[in-house]
Amino acid sequence: MAINAQTHAKLDTREPVTNDFAFSVATKNGSGSQTSNNVLVMSLFQMGIPVNGKNLFPSNIKGLPTWYTIRASKDGYTARKALTEIVVAYNDGTATEDVANLPPGGVCITTDKIARVIRQRDDISYYQIPVAKLMRQTEVPSAFRKQVENMTYVGAVAQLFDIPLDLIYDVLLANFKGKVKVAAMNHNVVKLAYDWTADNIAKTDPYRFERMDGTQGKIMMTGNDAGALGAVFGGVNVVAWYPITPSTSFVDGIIGFRGLRQNDSQENTIAIVQAEDELAAAGIVVGAGWAGGRSLTSTSGPGISLMAEFAGLAYFAEIPAVFWNITRMGPSTGLPTRTSQGDLLFTHFLGHGDSRQICLLPGNLKEAFEFGWKSFDISEDLQTPVFVVSDLDLGMNNWLSDPFDYPDKPISRGKVLDADSLQEFINEHGKWGRYMDVDGDGIAYRTVPGTDHRFAAYFTRGTGHDEMAVYSERSDHWVENMTRLRLKMDTARDMLPQPIIENGGSADIGIITFGTNEDAIREARDWLTNDGIKTNYLRARALPLASSVSDFIDAHKSVFVIENNFDGQLTQLIRLEHPENVSHVRPLALGDGLPMTPDWIYDSLKEQEG
Amino acid sequence: MPPRTNHLGLARNEYKGRPSTLCPGCGHDSISNQLISMAYELGLEQHKIIKMSGIGCSSKTPAYFLGGSHGFNALHGRMPSVATGALLANKELSCIAVSGDGDTGSIGMGQFKHVIRRNVPFVYIIENNGVYGLTKGQFSATADEGQFLKYYGTNHMPPIDLALEAVIAGCTFVARSFSGDAKQVQALLRAAVRHPGTSVLDIISPCVTFNNAATSTKSYPYGKDHEIPLHEIQILAPDYVEERDEITIEDYDEGDIIDVEMHDGSFIRLKKLDNDHDPRNRRMAMEVLERSMREQIFSTGLLYYEEPRPTLADTEELVDTPLALLNETELRPPKEALDSVMQSLMVG
């Protein structure tokens, strides 16, 4: 069971290749390889080489095969490539297939033990590391040996492709938060393998790293951490959650950054509750939003399913709260540790009846941070839940990014009346009702509990209500209310983050996407341009879709909607919202559980256009 | 003559809500009335109270009392989580929550247990009638084994005792009462609103439409004939010391009085009746409840009380200011803080 052989591979040419190739590291889950892989990625980052790392891991604590791909790109391309030139084959169970997936001229770094069982190829380079022998020579106590064994490939890679040893030590030290003893123990193994490789292996491949200045002033971080940091700067104050992959590290991030908000006596301005399930997590954030808190939960598909009823209530009762959906592959339990963009429609329409939810669609690390804080303002301005639809790829992998911009506007609490402004409202309008739309934008004025005014109270309910929030089963009240909610969604279109549009000089071809496919699309578009095929580009960043999406569709003869799900969900939404003249809008939908590659986009587009 | 007013200068009428839409004679309406009286008599400020509920007949009632308080009729069985969120956002609010046996005893069982476990400080009233009213007469999980109802015939399942479940979950204030016993309900409510922890009041509140036959243990006739109060209850405010001494000396032997001192210095005075129940004894509370369930004895009163452990807001070590009232500076770290995080992630 290996990652499927990737077709469409571009063959390497045996010319010297510097800072422009990819690794795949195949290990067993739970063997400690995550640290080794992080050390490699962070070392390349420190060398100034644009890099990314993508963890393609199983739903398992220990034993199942796991892969980690590392791509270095001097040109700054950070999408996952379909093909990796180098494999570190440290899992005997997948080694044969891992080697079979290499292109001619590729490199296999493996252990002497595994080398004996792999079906050999004569068109690649093999480097065998005597792991067991090296480990016997280390000073590592036997109890820790299994955990640090993977450091042997770090040492071999460092020697073979020129990563400085002292740099690796610094990265190890940072990785272990300054604990010298642990860093030294790991580095000891790295050095042993480094030295052994220098003495015993003759390099026969063209790949090497070289310091450059491609990462100066940039950061590396996961999208979950970026979103969490954004939430902390966005004034989150009530967090409720239930652990679920791949969203768990989002709340871990908030816990980690919570100190930025503590006062001098270390008291918290953020309450964080691990709920008994996602039903309760949703209830807590809805209750908090109702009472004037800035509340957030983070979950994934199965959790979002459980939150559907509260989402509908919050939509209808008009209660702000922020929900992050770090999307993983469904339906059902699906592929819990694989990425997907398959929850787009479900999240947008979450809740029974005619509900429609605001969705923000971050496409990169900076947007994860930006939407992290902005989601609260949008939610309170619109008095409705906001769903930030991220995915496992952005959430759990390390991404290279420019540093984040500090919020460019003050915190907004939306139309909230305190005792004084409530009195002014009553003086002006004769009365106040929770759902009275006096501004004509579909957004009414609300009060929060604790407001000391005799007319501040109202009764919140998911049942039919009139503009005074009084129970009503009258059809006219119902229709008026739903019409106002629709107006509010239309108001939202122009308040939400607008699409990113790039004119690539094409008269014919438009590409539409959302979320994390951007890097792969950018690279594929460059390849297409080299082939003489120009494309224009639009990345939607929020639902409901902005009106500029319609203009973009109308302006092109062919529109391809690239999305990482099986059914072409954004395409369906476009057809729903833009029913006239959409025969030229076609989905390029993949949904195979992996981050999208430029190779697949390039091939698919060529095939469609050809 | 002007109407009598409380110390806030408010008449009792001003604590009412909208007119009830429940069946005439419903036990739930008497509980709403006791809530109105309690808030009026104690002179509670309505804007500092929130009313929460789930779904069902009982959960409609917050619309019928304390019209000056914000209310939230949430989802079936999930009032506890919504109350938790609201009280985390603003820990200065008091919360009166109303649920039913269908709401708490079935879908709500998990949230019921967990809200108690977290010790969210609020009054959790279960208006318990053993039957689903809005869907027209199905058994609820608290219906007695062997009971007969027109809709479904005989119930063959043992009941869930929600007061017992509360004690087991670690609740520090557990009481059972009967909506027909206005005096006791009133006394228990007065104690419960003072308790800085989850207070569970399981109040048998007959459904006059679907479950009021004399054979049903959740009916008026049964309750009136069979209710056995564990004590006579009196709530003494902190400044009632002298009167307390007087009563002790005049009316009772010392051994017959249990004074439970509450967190705010007030006392729950329990005058013993025909039993030795001491609500400060957890084992005794569980024994009383188990025997009551086994022998279908309708024991009412304060079943269990203990000095409250830290509330959820305490455990969370929150700042003094309610989170909902934090200002921009408290909610958003300065630019330097972001720059410093960014710097730490850059090439060193």
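Chains A and B are the protein sequences, given in the same order.
The numbering used here puts the first residue of the first sequence at 1, with every later residue one more than the last.
The numbering used here puts the first residue of the second sequence at 1001, with every later residue one more than the last.
Here a beta-carbon is modelled for each residue, glycine too, at the ideal position from N, C-alpha and C.
Quick check on this structure: which residue in Ala-79(A), Asp-439(A), Tyr-68(A), Tyr-77(A) has the alpha carbon closest to the alpha carbon of Tyr-90(A)? Tyr-68(A)
What are the boundary residues of the alpha helix (DSSP H) that includes Ala-634(A)? With chain A running from 1 to 610 in the structure shown, residue 634(A) is simply not present.
Assumed close pair Ala-1083(B), Ala-1097(B) - CB separation to whole angstroms, cut-off 8 Å: That belief holds up - the Cβ atoms of Ala-1083(B) and Ala-1097(B) are roughly 5 Å apart, short of 8 Å.
Cβ shell of Val-582(A) (< 6 Å), same chain only, five flanking positions each side left out: Within the same chain, Val-582(A) has close Cβ partners Arg-575.
Between Thr-529(A) and Ile-509(A), how many whole angstroms is the CB-CB distance? I'm expecting something under 8 Å. The Cβ separation is near 11 Å, so there is no contact.
Under 8 Å between C-beta atoms, does Trp-324(A) make it to chain B? No - not a single Cβ of chain B is within 8 Å of the one on Trp-324(A).
Closest by C-alpha distance to Gln-46(A), when choosing among Pro-385(A), Phe-57(A), Ala-288(A), Ala-72(A): Ala-72(A)
Spatial distance of Asn-38(A) from Gly-53(A) (CA atoms): Looking at the two C-alpha atoms, the distance is approximately 8 Å.
How many angstroms separate the CA atom of Lys-1183(B) from the CA atom of Cys-1057(B)? 23 Å
So with CB distances below 7 Å, who are the chain B contacts of Glu-210(A)? Residues of chain B passing the Cβ test: none, with the nearest at roughly 15 Å.
Suppose contacts are defined by Cβ-Cβ distances below 8 Å. Is Leu-229(A) in contact with Phe-209(A) by that definition? no
For Ile-512(A), which of Gln-608(A), Tyr-537(A), Gln-498(A) has the nearest alpha-carbon? Ranking Gln-608(A), Tyr-537(A), Gln-498(A) by Cα distance to Ile-512(A) puts Tyr-537(A) first.
Within 10 angstroms of the Cβ of Ser-355(A), are there 16 or more other Cβ atoms? Answer buried if so, exposed if not. buried
By the 10 Å Cβ neighbour count, where 16 or more other Cβ atoms means buried, how is Ser-332(A) classified, buried or exposed? exposed
Could you check what DSSP says for Arg-1280(B) in three-state terms: helix, strand or coil? coil
So is Ala-492(A) buried or exposed if we call it buried at 16+ other beta carbons inside 10 Å? Buried.
My guess is that Ile-129(A) and Ala-158(A) are in contact by the Cβ rule of under 8 Å, so how many angstroms apart are they, rounded? The beta carbons of Ile-129(A) and Ala-158(A) sit about 12 Å from each other, so the pair does not count as a contact at 8 Å.
So who's on the other strand from Arg-71(A), going by DSSP bridges? Ala-22(A), Asn-52(A)
Do Gly-227(A) and Arg-1332(B) count as a contact pair if the criterion is CB distance below 8 Å? The Cβ atoms of Arg-1332(B) and Gly-227(A) lie no closer than 8 Å to each other.
By the criterion of Cβ-Cβ separation under 9 Å, what are the contact partners of Thr-460(A) in chain B? Near Thr-460(A) (Cβ distances below 9 Å), the residues of chain B are His-1070, Gly-1071, Phe-1072, Asn-1073, Ala-1074.
Which residues, in order along the stretch 1101-1122 of chain B, keep a beta-carbon less than 7 Å from a beta-carbon of chain A? Gly-1110, Gln-1111, His-1114
Can you tell me whether Trp-432(A) is helix, strand or coil according to DSSP? coil
Are there three or more Cβ pairs, one per stretch, closer than 8 Å when the stretch 430-446 of chain A is compared with the stretch 461-481 of chain A? yes
Backbone CA spacing between Ala-520(A) and Leu-1134(B) [nearest angstrom]: Cα to Cα, Ala-520(A) sits roughly 55 Å from Leu-1134(B).
Give a yes or no on whether the minimum CB-CB distance between Ser-1081(B) and chain A is below 8 Å. With 8 Å as the cut-off, Ser-1081(B) counts as an interface residue toward chain A.
Hey, Val-1174(B) and Leu-1318(B) are a contact pair by Cβ (cut 8 Å); roughly how many whole angstroms apart? Not really, about 27 Å apart at Cβ, beyond 8 Å.
Any beta-carbon of chain B closer than 8 Å to the one on Thr-451(A)? At least one C-beta of chain B is nearer than 8 Å to the C-beta of Thr-451(A).
Can you name the residues of chain A whose CB is closer than 8 Å to the CB of Pro-1333(B)? Val-232, Phe-233, Leu-260, Arg-261
Closer than 8 Å, CB to CB, is Asn-1090(B) near chain A or not? Answer yes: the Cβ-Cβ gap between Asn-1090(B) and chain A drops below 8 Å somewhere.
Three-way DSSP call (helix, strand, coil) for Glu-1287(B) in this model: helix
Could you give the distance in angstroms between the alpha-carbon of Ala-5(A) and the alpha-carbon of Asp-20(A)? Confidence is the limiting factor: at Ala-5(A) the pLDDT is only 37, short of 50, which leaves the residue's position unreliable and the question unanswerable from this model.
Going along chain B, which residues have a C-beta under 7 Å from Arg-454(A)? Gly-1068
So, is the C-beta of Phe-144(A) closer than 8 Å to a C-beta in chain B? no
Using a C-beta to C-beta distance shorter than 7 Å, which residues of chain B count as neighbours of Val-286(A)? Val-1082, Gly-1085
Proximity test, Cβ basis, 8 Å: Trp-290(A) and chain B: It does: the Cβ of Trp-290(A) has a partner Cβ on chain B nearer than 8 Å.
Which residue marks the beginning of the beta strand (DSSP E) containing Met-220(A), and which one marks its end? 219-222
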